[in-house]
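Q: Okay, handing you the structure first.
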Amino acid sequence: MATLSLTMIDVGWGDSLLLEFENDAGDVSFGLVDSNDTTSLRSSYIYLKRFFERRDLFRNRPRLFDFVLLSHAHADHAQGVKALIQEFGTEWFWYPRSLNWSGAAYLLEYANRSATRSGGRIGRHQAVDSGHMAPAIQGTRLDFLWPDKGFLDHDNENENSVILSLTLGDVAFVLTGDAEAEAWSRVAGRIPGNTAVFKVPHHGSRNGFFDGGGAPLWLDACPAKTQCGISSHIRPFSHPDRSVVKRLAKRRVFRTDEHDHVTFTTNGSSVGVKYSHKGTERSRPSQRARIRCGMRRASGLVRRASACGNQQCREEQTCKWNRGMPRRPRRRARRMAFWATSPSATW
Ligand SMILES: [Zn+2]
Ligand SMILES: [Zn+2]
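Given below as structure tokens:
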């Protein structure tokens with residue numbers, strides 16, 4: 273069965289998206305959109321290294337990615353891209369025509385050198401726009417929705433973000449970079465009607481969501497059932513903005529600052545989501561629920577699975593209402609305990 277998976281890697285702040293394509297025969301391919309690794313913080317690298325090692329793919333493939341896409345030339349999307357390509361290799365390196373960033377020259381020089389050398393880590397590289405035809409990957413169709421040919425914003429690099437839609441069967445995922453009002457005024461009408469997963473642009477900031485008059489830029493063009501993913505950028509920008517979170521309250525929203533790594537998977541008809549940490553903001557229990565399922569001690573409320581009246585808590589060996597209270601388990605332990613699969617949503 274053919275599948276398409278999108279993982280928003282929790283890199284602390286900024287974007288890093290892993291794509292996995294599988295066809296009916298079980299052949300798999302991979303794509304990467306953006307990275308935000310520094311020399312000391314290498315979240316994408318560590319995640320990808322473990323991911324590929326678990327699958328024992330290093331020995332068989334000289335280039336692990338079919339493509340690496342740089343959505344736009346901002347540090348929180350481009351840092352570490354070169355190092356990841358050097359480590360894993362890619363058949364294609366795609367980027368927007370505008371690369372107004374000091375590191376872009378080094379990246380393109382490396383791409384040029386690599387592509388002209390036999391066995392280089394980059395097979396070919398190319399600037400892409402909405403007229404670019406990308407080959408289907410293991411049954412998934414790729415469409416570049418933005419930027420249009422000839423469009424260039426010299427003042428706001430976010431507007432030059434590549435917007436990519438991926439379609440398998442009846443389901444589309446849309447990746448949006450940091451596109452803002454100018455881009456959405458032209459491209460909102462191109463959002464596929466079968467969009468099931470939409471990566472909220474610009475980390476859920478106001479200028480990626482509202483126009484100057486306070487009207488939503490793309491929300492009305494997204495089908496009501498669309499699930500949203502946010503690659504958060506809390507420090508120093510406080511993205512996502514509270515007003516954006518509020519407007520998305522009726523939709524299923526998954527955020528890297530709350531759910532850590534988030535994976536959406538589709539077989540072309542339904543969509544499932546998996547995440548490595550349960551969110552806190554929207555699942556915070558009422559005070560009544562906290563008291564009902566906790567034990568009171570001198571140091572405050574302590575949650576224990578054995579003391580909790582909730583059957584699910586006992587099965588998971590931990591109480592689901594324990595977040596935000598004293599004596600909470602360490603983050604790592606909590607992450608291990610709460611690796612969870614939410615119910616699939618039929619599309
Ligand atoms: Zn960004
Ligand atoms: Zn940006």
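Residue numbering for the sequence shown follows my numbering, beginning at 273 and increasing consecutively. C-beta atoms are modelled at their ideal positions from N, C-alpha and C, and glycine is treated no differently. Here the structure is a predicted model, which means the values were calculated and not measured.
Between Asp328 and Ser515, what straight-line distance do the alpha-carbon atoms span, to the nearest angstrom?
A: The residue given as residue 328 occupies position 56 in the sequence shown. The residue given as residue 515 occupies position 243 in the sequence shown. So the alpha carbons of these two residues sit roughly 44 Å apart.
Q: Would you kindly check if the distance between the Cβ of Ser277 and the Cβ of Phe482 is under 8 Å?
A: Stepping through the sequence shown from its first residue, residue 482 is reached at position 210. Stepping through the sequence shown from its first residue, residue 277 is reached at position 5. Cβ distance not < 8 Å, so Phe482 and Ser277 don't count as in contact.
Q: According to DSSP, is Arg333 helix, strand or coil?
A: Here the question's residue 333 lines up with position 61 in the sequence shown. Note: Arg333 maps to coil in three-state DSSP.
Q: Among all the DSSP beta bridges, which residues are the ones paired with Ile409?
A: For this step, residue 409 is matched to residue 137 along the sequence shown. In the DSSP output, where bridge partners are listed per residue, Ile409 has Thr412.
Q: Taking the CB atoms as reference points, tell me whether His346 and Trp373 lie closer together than 8 Å.
A: Here residue 346 is taken as the residue at index 74 of the sequence shown, counted from 1. Here residue 373 is taken as the residue at index 101 of the sequence shown, counted from 1. Yes.
Q: Between His346 and ligand 1, is there a pair consisting of the residue's CB and a ligand heavy atom that are separated by less than 7 Å?
A: Numbered from its first residue, the sequence shown carries residue 346 at position 74. His346 Cβ: within cutoff of ligand 1.
Q: Can you have a look at Asp296 and say buried or exposed, based on whether 16 or more other CB atoms are within 10 angstroms of its CB?
A: Taking the sequence shown and counting its residues from 1, the one referred to as residue 296 is at position 24. Its Cβ having fewer than 16 others within 10 Å, Asp296 is exposed.
Q: Count the other CB atoms, across all protein chains shown, that sit within 10 Å of the CB of Gly422; report buried if there are 16 or more and exposed otherwise.
A: On the sequence shown, residue 422 is found 150 positions in, with the first residue counted as 1. The residue is exposed, with fewer than 16 neighbouring Cβ atoms inside 10 Å.
Q: Nearest-angstrom Cα distance between Cys494 and Ser390?
A: The sequence position of residue 494 within the sequence shown is 222, counting from 1. The sequence position of residue 390 within the sequence shown is 118, counting from 1. Whole-angstrom Cα-Cα distance: 44 Å.
Q: Using the C-alpha atoms, what's the distance from His533 back to Tyr547?
A: Along the sequence shown, read from residue 1 onward, the residue named residue 547 stands at position 275. Along the sequence shown, read from residue 1 onward, the residue named residue 533 stands at position 261. The alpha-carbon atoms of Tyr547 and His533 are separated by roughly 6 Å.
Q: Does DSSP classify Pro473 as helix, strand or coil?
A: Sequence index remark: in the sequence shown, residue 473 carries index 201 (1-based). Looking at Pro473 - three-state DSSP - the assignment turns out to be helix.
Q: Which class does Gln499 belong to by DSSP, given the choice of helix, strand or coil?
A: Position 227 of the sequence shown holds residue 499. Three-state result, Gln499: strand.
Q: Skipping 5 residues on each side, what residues in its chain have a beta carbon closer than 8 Å to that of Gly239?
A: Here the chain comprises residues numbered 273 to 619, so residue 239 is not present and cannot be evaluated.
Q: Measure from the alpha carbon of Met273 to the alpha carbon of each residue in Val545, Ala460, Thr412 and Glu431, then state which is nearest.
A: If you number the sequence shown from 1, residue 273 lands on position 1. Here the closest residue by C-alpha is Thr412.
Q: Distance, Cα to Cα, Gly449 vs Leu491?
A: On the sequence shown, position 177 is the one that residue 449 refers to. On the sequence shown, position 219 is the one that residue 491 refers to. Distance between the alpha carbons of Gly449 and Leu491 is about 16 Å.
Q: Between Val434, Glu431, Pro512 and Phe302, which lies nearest to Glu530 when the distance is taken from Cα to Cα?
A: Reading the sequence shown from its first residue, position 258 is the one you call residue 530. Taking only the C-alpha atoms, the option nearest Glu530 is Pro512.
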